[in-house]
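Participant:
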Amino acid sequence: MNKTIKYALVVIVLLITIGFGTVNAKKYYNDRYVASTYYGKIPTTMSMEPKMLYGDKNREMGYGKEYNIKVYNESGNERIAEFEVISDNPEEYYKPGTYLKVEMSKQLSTGQKIISKEDVPENILKLIEESN
Numbered sequence: 001m002n003k004t005i006k007y008a009l010v011v012i013v014l015l016i017t018i019g020f021g022t023v024n025a026k027k028y029y030n031d032r033y034v035a036s037t038y039y040g041k042i043p044t045t046m047s048m049e050p051k052m053l054y055g056d057k058n059r060e061m062g063y064g065k066e067y068n069i070k071v072y073n074e075s076g077n078e079r080i081a082e083f084e085v086i087s088d089n090p091e092e093y094y095k096p097g098t099y100l101k102v103e104m105s106k107q108l109s110t111g112q113k114i115i116s117k118e119d120v121p122e123n124i125l126k127l128i129e130e131s132n
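Position 103, counted from 1, in the sequence shown is what UniProt numbering calls 103; the numbers after and before it change by one each time, with no gaps.
1. Beta carbon of Tyr-38, beta carbon of Val-71: below 7 Å?
2. Runs of 4 residues minimum, wholly inside the stretch 43–79: which ones carry the alpha helix (DSSP H) assignment?
3. Rounded C-beta distance between Val-34 and Ser-87? I'm assuming under 8 Å.
4. When you compare only the Cα positions, how much space is there between Pro-43 and Tyr-29?
5. Counting along the chain, where does the beta strand (DSSP E) carrying Glu-103 start and finish?
6. Quick one: what does DSSP say Ser-131 is sitting in, helix, strand or coil?
7. What is the rounded straight-line gap between the Cα of Leu-14 and the Cα of Arg-32?
8. Using a 10 Å radius around the Cβ and a threshold of 16 neighbouring Cβ atoms, would you call Leu-64 buried or exposed?
9. Can you check DSSP and say which residues form a bridge with Tyr-39?
10. Whose CA, out of Val-23, Gly-40 and Gly-19, lies closest to the CA of Asn-123?
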């Protein structure tokens with residue numbers, strides 16, 4: 001093979017590799033960070049006691065509260081939102097009965113905001129009340 005053909009093959013292989021890398025990076029970003037809106041309510045039976053929270057490799061993150069609550073999107077699809085509040089002060093936790101607007105990607109919860117009951121769409125409010 002002459003140099004021109006070898007060079008062309010190297011360029012083609014590099015372009016294909018970059019193309020696959022770009023597609024995979026975009027998919028990762030979309031699955032991890034592009035969020036949809038869900039609504040939920042902290043169960044009224046949830047304990048407010050702080051407990052030690054652990055992260056990767058079982059490292060202590062500090063005292064806080066873990067939440068695993070049912071949430072619903074505009075279409076009524078249910079998911080479990082998992083998030084925590086790290087603080088040893090229970091006053092900083094989401095109180096039982098609190099309504100939340102939760103932004104969730106395919107992989108994780110990207111943010112929570114306290115809202116009033118009136119801010120929850122009617123069809124979702126019905127689902128929340130039935131599940132609590």
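Glycine included, C-beta positions come from ideal geometry on N, C-alpha and C.
Facilitator: For this structure:
1. yes
2. none
3. Not a contact, Cβ separation roughly 29 Å.
4. 32 Å
5. 99–104
6. helix
7. 27 Å
8. The sequence given here places Gly at residue 64; Leu does not occur at that position. Burial call: buried.
9. Tyr-72 and Lys-101
10. Gly-40
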